[in-house]
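Trainee:
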Ligand code: ADP
Ligand code: MG
Ligand code: ZN
């Protein structure tokens with residue numbers, strides 16, 4: 001990670017599993033920049049609101065940081081034009097459409113240090129939204145892991161506790177658990193789901 005940020009950079013923090021520490025790592029990095037007297041702002045898609053009635057990013061174990069909720073990635077660009085923060089954090093990026101990728105590229109080209117965190121795959125194990133493109137343009141990628149709740153091995157997938165009824169279902173431990181590939185496969189096969 002750079003402290004001297006007079007040029008643009010794209011960090012992506014990702015995992016296939018929920019509960020892997022993406023939001024925790026995003027908050028830690030943003031706080032470090034703030035300690036280093038950089039200006040920083042964090043965004044999150046409104047659709048991903050969890051654990052709060054306000055506007056903040058909240059980790060599964062309760063770390064929180066003030067954030068701005070947006071519906072459209074262009075709102076991030078407009079905010080950056082007027083406020084010119086050194087560092088821009090974006091959590092739950094997988095929920096944005098492909099427009100997010102161009103926005104992140106443009107922010108970095110304008111000299112911002114962007115830290116984007118998101119799930120790389122859905123609970124069906126398919127690439128999630130804009131993540132493949134975002135990972136491709138990243139200057140640095142950090143992959144993090146959860147703990148498989150069945151066997152304790154590193155978790156790389158989110159297992160939906162019940163068959164999903166919508167393409168996107170926002171939830172936490174009421175809906176998903178962290179699993180390794182083997183335990184994820186076993187769970188899906190037991191329900192006759194595609195793997
Ligand atoms: P993410 O943003 O990747 O979903 P968070 O940073 O919000 O993850 O949460 C990480 C925290 O989740 C861990 O520090 C831990 O306290 C908690 N947690 C709950 N279940 C698990 C699990 N199965 N594996 C790892 N961490 C878990
Ligand atoms: Mg998170
Ligand atoms: Zn397992």
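Numbering (the numbering used here), first residue to last: 1 to 195. Even glycine gets a Cβ: it sits at the ideal position worked out from N, Cα and C.
When every heavy atom of the ligand MG is checked, does at least one fall within less than 6 Å of the C-beta of residue 175?
Mentor: Result no, Cβ not under 6 Å from the ligand MG.
Trainee: Under a three-way DSSP split, which group does residue 126 fall into?
Mentor: In the structure shown, residue 126 sits in coil (DSSP, three-state: anything other than H, G, I, E or B).
Trainee: Considering just the uninterrupted stretch of the alpha helix (DSSP H) at residue 63, what are its terminal residues?
Mentor: Taken as a continuous stretch (DSSP letters only), residue 63 belongs to no alpha helix (DSSP H), as it is neither H nor E.
Trainee: Spatial neighbours of residue 128 within its chain, please: C-beta separation below 8 Å, excluding the five flanking residues on both sides.
Mentor: Within the same chain, residue 128 has close Cβ partners 94, 118, 119, 120, 121 and 122.
Trainee: Is it true that the CB of residue 16 sits closer than 7 Å to the CB of residue 164?
Mentor: No. Outside cutoff.
Trainee: Comparing alpha-carbon positions, which option in 50, 184 and 112 lies nearest residue 87?
Mentor: Nearest option by C-alpha distance: 112.
Trainee: Is residue 170 helix, strand or coil by DSSP?
Mentor: Coil, per DSSP.
Trainee: Give me the residue from 185, 172 and 124 with the minimum Cα distance to residue 52.
Mentor: It is 172 whose Cα lies nearest to the Cα of residue 52.
Trainee: In three-state terms, what does DSSP make of residue 176?
Mentor: Three-state result, residue 176: strand.
Trainee: From residue 55 to residue 63, what distance separates their C-alpha atoms?
Mentor: If you take the alpha carbons of residue 55 and residue 63, they lie about 13 Å apart.
Trainee: By DSSP, does residue 22 sit in helix, in strand, or in coil?
Mentor: Residue state, collapsed to three classes: helix.
Trainee: Can you grab the Cα-Cα spacing for the pair residue 138 / residue 92, in whole Å?
Mentor: Between residue 138 and residue 92, the C-alpha separation is close to 16 Å.
Trainee: Should residue 101 be listed as close to the ligand ZN, given that the test is whether its C-beta is under 6 Å from any heavy atom?
Mentor: Checking the Cβ of residue 101 against the ligand ZN gives no.
Trainee: Do residue 101 and residue 130 have their beta-carbon atoms positioned less than 7 Å apart in this structure?
Mentor: Cβ distance < 7 Å, so residue 130 and residue 101 count as in contact.
Trainee: Run the proximity test for residue 147: is its beta-carbon closer than 6 Å to any non-hydrogen atom belonging to the ligand ADP?
Mentor: It does: the Cβ of residue 147 is within 6 Å (strictly closer) of some heavy atom of the ligand ADP.
Trainee: Would you mind sorting residue 148 into buried or exposed? The rule is 16 or more other CB atoms within 10 Å of its CB.
Mentor: The residue is buried, with at least 16 neighbouring Cβ atoms inside 10 Å.
Trainee: Looking at the strands, I want to know which residues DSSP matches up with residue 143.
Mentor: Answer is 14.
Trainee: Give me the DSSP bridge partner(s) of residue 118.
Mentor: 14, per the DSSP bridge assignment.
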